[in-house]
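From first to last, the protein sequence lines are chains A and B.
Using the working numbering, the first residue of the first sequence is number 1, and each one after it goes up by one.
Using the working numbering, the first residue of the second sequence is number 1, and each one after it goes up by one.
Where is the CB? At the ideal position from N, CA and C, for every residue including glycine.
This structure is a prediction, so every number in the text was calculated from the model and none was measured.
Below is one structure, written out as structure tokens; the observations come after it.
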Amino acid sequence: MTDSIAVEARHVVKAFGQGDTAVRALDDVSVNIRTGEFFTLLGPSGCGKTTLLRLIAGFEMPSAGAILLEGADITTLPPNKRPVNTVFQSYALFPHLTVAENVGFGLQMLGRPKAEVAATTARMLALVKLEALAGRKTSQLSGGQQQRVALARALAPAPKVLLLDEPLSALDLKLRKEMQIELKRLQLETGITFIFVTHDQEEALTMSDRIGVMSAGKLQQVGTPKDIYNHPVNRFVASFIGESNFLPATREGDRYRLDCGALIAAPAAKAARVTLTVRPEQVRLAAAGDTDAIPATITNLVYFGTDTHCHLALSDGTEVVARLQSPATGDAGLRIGQPVGLRFVPEAIQVLED
Amino acid sequence: MANKGFVISRLPGFNPIAGLVFAGLYLPILILVVYSFNAGRSVASWEGFSLQWYAVAWENDAVKDATIRSLYLAASAAVISTVLATLAALGTTRRKAFGGQTFIYVMINQPLMVPEIVSAVALLIFFAMIKQATGYAGMGYLIAAHSAFCIPFAYLPIRARLEGMDMTLETAAADLYASTWQAFRFVTLPLLLPGIFAGMMLAFVTSLDDVVITVFVKSAGQDTLPTYMLGQIRRQVTAEINAISTVLLALTVLLLTLFFVLTRKKDE
């Protein structure tokens with residue numbers, strides 16, 4: 001991976017409809033995607049992630065702003081003039097062509113010599129391990145195989161950027177896990193920049209070099225999976241990626257007073273009224289009445305096998321979830337209604353100002 | 001017994017009514033076909049099996065002439081109307097909805113709704129004016145008239161096929177460096193072909209059995225098979241007519257069967 005920029009979006013706006021009823025699918029989005037990285041656009045449906053992908057592919061034009069590919073402005077270029085290929089959510093394989101003809105389609109349209117088309121097609125089919133099915137019609141393939149054909153077809157013309165629009169969403173869980181590993185391998189082997197769209201946070205965390213979290217047409221945060229998980233910039237990111245506890249608090253000097261009265265240390269913030277967030281696995285239980293532990297009551301216990309979710313209520317009613325590793329005996333000695341104390345791992349507390 | 005809900009075939013009288021309707025639809029045709037093999041002259045009393053009327057029709061130069069003209073006319077009209085209908089179908093489905101879309105749709109299908117006799121009279125007068133001005137009296141008038149009223153028959157199956165097509169395929173073609181023309185040539189057209197053939201067949205069959213417009217538009221000596229048969233029946237009725245009708249029926253059934261095979265949804 002180098003530091004050069006593959007794709008840049010500059011203040012991109014995409015509005016659908018006109019006048020008062022116009023909806024901003026993208027609202028001033030700017031992002032730099034580096035050459036050779038696996039970049040994921042993550043967000044709930046309707047957040048604008050697919051729209052951004054379609055703008056990069058050229059299927060739609062932005063209402064304002066610019067899209068640059070390796071520094072060149074491609075905002076108004078039609079899709080067939082962009083060295084960018086797409087793996088569609090529905091795969092969009094050509095039903096009247098064989099697997100090999102599908103894979104060779106792009107090169108054929110580019111007017112490459114027959115020998116080169118055949119050689120590249122064979123190489124691509126080998127890359128996705130489908131050599132044996134070259135002569136089949138695509139309708140005779142399973143979902144996973146169709147997925148591989150779609151990948152080989154998009155990779156065959158050696159695009160500068162590969163766009164993947166929720167390509168795994170139609171597969172069952174087991175196949176999805178396999179394809180996640182497969183995609184990562186293909187990306188490393190080809191060195192092509194991947195821009196991957198998904199609403200699945202686990203997929204994003206496991207596969208990406210960097211993630212762009214989107215919501216309501218805006219890019220909320222861009223960073224490595226660890227950055228995003230450990231240092232979410234706002235409540236949306238903290239709740240969309242993983243689970244979080246949110247505790248309203250008021251700043252008192254360099255510490256924060258929770259609504260239940262407890263005073264805890266956390267990084268400095270400008271605002272007086274903030275929300276503290278802590279992941280459930282960073283909450284520790286202590287004996288009731290333990291000094292500097294926050295008093296709480298167990299309201300529910302949910303057993304997940306490897307761990308147990310312990311739902312707690314603070315004295316002001318705020319709910320906190322603690323994820324506790326299940327003990328070897330299978331019984332942590334906790335009961336619903338039992339008074340306990342709780343502590344947060346100090347460096348795991350994040351301060352959200354919105 | 002468990003109540004299986006409303007089943008129309010269990011209503012009283014379902015079977016007799018269905019039987020009566022099918023008899024009404026197919027008995028006359030069956031009788032026509034049977035009497036085409038009659039050994040006698042009559043179309044009403046059976047005198048034994050014979051293929052003589054097929055032989056008579058085959059030897060009749062007027063029948064041969066009319067058959068060739070009918071096939072030529074139907075083929076020309078089918079090709080012309082299918083090309084126009086394909087363009088119309090592409091124009092009305094491959095673009096964003098526009099004002100007046102319904103109006104255009106109605107206009108394309110106008111021949112299905114305007115009484116044929118009105119079109120026939122209108123064409124008679126219109127073509128008479130052109131004839132007077134140019135002196136041309138060839139097959140062009142019939143071809144033009146048939147092409148026009150065949151358009152909706154070709155248009156409907158093509159449009160249905162286009163609407164059922166996944167638009168993402170064309171987007172994918174563009175993404176894979178196909179120009180607009182290449183995307184049409186290598187993706188849309190091959191996928192559309194069954195619809196185009198179906199439309200062409202329907203247009204062909206429609207042209208083949210047209211009487212009203214043909215009678216009004218044709219010049220002297222331009223009898224098609226249906227107008228020839230109409231003329232014959234006025235003079236004398238022989239089983240030759242049955243034989244010709246049976247062949248025409250066989251041809252139509254064959255083409256319509258092909259049409260259904262082509263438009264059937266493939267369960268791939």
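Straight-line gap, residue i to residue j (C-alpha atoms, nearest Å)
| i | j | result |
| --- | --- | --- |
| L258(A) | E37(A) | 41 Å |
| M201(B) | F259(B) | 7 Å |
| I211(A) | L42(A) | 7 Å |
| K137(A) | T121(A) | 15 Å |
| L73(B) | V212(B) | 15 Å |
| E347(A) | F39(A) | 28 Å |
| R251(A) | A262(A) | 12 Å |
| P339(A) | A322(A) | 14 Å |
| A160(B) | L254(B) | 22 Å |
| L256(B) | L133(A) | 37 Å |
| N15(B) | I29(B) | 21 Å |
| L141(A) | L20(B) | 48 Å |
| R34(A) | M207(A) | 16 Å |
| M1(A) | T86(A) | No answer about M1(A) holds up, because its pLDDT of 47 lies below 50 and its placement is not dependable. |
| Y155(B) | A89(B) | 6 Å |
| L124(B) | F216(B) | 6 Å |
| D267(B) | L93(A) | At D267(B) the pLDDT is 39, less than 50, meaning the model places this residue with poor confidence and gives no usable figure here. |
| L188(A) | P83(A) | 19 Å |
| M1(B) | R10(B) | Legend: pLDDT at M1(B) = 48, less than 50; position of this residue unreliable, no value from coordinates given. |
| Q18(A) | N80(A) | 28 Å |
| D3(A) | E70(A) | 12 Å |
| A296(A) | C260(A) | 10 Å |
| I228(A) | G199(B) | 57 Å |
| T50(A) | G217(A) | 10 Å |
| D175(B) | G5(B) | 51 Å |
| M129(B) | A137(B) | 11 Å |
| G58(A) | T75(A) | 8 Å |
| K64(B) | P194(B) | 31 Å |
| T92(B) | Q101(B) | 7 Å |
| L191(B) | E163(B) | 12 Å |
| P12(B) | A18(B) | 11 Å |
Cβ-heavy atom distance, residue i to the ligand PLP, below 7 Å
| i | result |
| --- | --- |
| Q110(B) | The ligand PLP is not part of this structure, which contains no ligands at all. |
8 Å contact criterion, which residue i and residue j should meet: CB distance rounded
| i | j | result |
| --- | --- | --- |
| T275(A) | L247(A) | 7 Å |
| A286(A) | G341(A) | 4 Å |
| F184(B) | L262(B) | F184(B) to L262(B), Cβ: 20 Å. No contact. |
| Y228(B) | A57(B) | About 11 Å separates the two Cβ atoms, so there is no contact after all. |
| W53(B) | E240(B) | 5 Å |
| I67(A) | L55(A) | 6 Å |
| I143(B) | S76(B) | 5 Å |
Closest by C-alpha distance to residue i, when choosing among the options
| i | options | result |
| --- | --- | --- |
| S81(B) | P111(B), L249(B), I244(B), N60(B) | P111(B) |
| D254(A) | C310(A), R279(A), R273(A), K14(A) | R273(A) |
| V29(A) | V13(A), E189(A), N234(A) | V13(A) |
| E116(B) | T134(B), F98(B), H146(B), A137(B) | H146(B) |
| I108(B) | L193(B), F153(B), V7(B) | F153(B) |
| A266(A) | E353(A), K177(A), P225(A), G305(A) | E353(A) |
| R123(A) | F344(A), L155(A), G317(A), A328(A) | L155(A) |
| G106(A) | S179(B), K218(B), P12(B), D210(B) | S179(B) |
| C47(A) | V23(A), A119(A), F59(A), G65(A) | V23(A) |
| L32(A) | G337(A), L52(A), E8(A), L53(A) | One point to set straight first is that residue 32(A) is Asn, not Leu, in the sequence displayed. It is E8(A) whose Cα lies nearest to the Cα of N32(A). |
| K129(A) | G242(A), L205(A), V99(A) | V99(A) |
| M139(B) | N60(B), R69(B), F126(B) | R69(B) |
Residue i and residue j closer than 8 Å at C-beta
| i | j | result |
| --- | --- | --- |
| L171(A) | G143(A) | yes |
| S215(A) | P62(A) | no |
| T214(B) | T206(B) | no |
| I195(A) | L168(A) | no |
| Q350(A) | T277(A) | yes |
| A269(B) | A203(B) | Only positions 1 to 268 of chain B appear in this structure, which leaves residue 269(B) out of reach. |
| A6(A) | F16(A) | no |
| S139(A) | P95(A) | yes |
| L25(B) | N242(B) | no |
| T291(A) | L301(A) | no |
| V320(A) | V283(A) | yes |
| L127(A) | A152(A) | yes |
Whole beta strand (DSSP E) elements within the stretch 63-138 of chain A, 3-residue minimum: 64-69, 84-87
Suppose only complete runs of 4+ residues qualify. What are the alpha helix (DSSP H) ranges in the stretch 80-137 of chain B, listed by chain order? 101-108, 110-113, 116-134
Where are the beta strand (DSSP E) runs, 3 residues long or more, that stay fully inside the stretch 284-329 of chain A, in chain order? Listed in chain order, the complete beta strand (DSSP E) runs (minimum 3 residues) inside the stretch 284-329 of chain A are 294-303, 307-314, 319-325.
Unbroken alpha helix (DSSP H) runs of length 4 or more, entirely within the stretch 181-244 of chain A: which are they? 201-207, 225-230, 235-240
Residue ranges of each alpha helix (DSSP H) within the stretch 209-242 of chain B, 4 or longer: 212-217, 225-235
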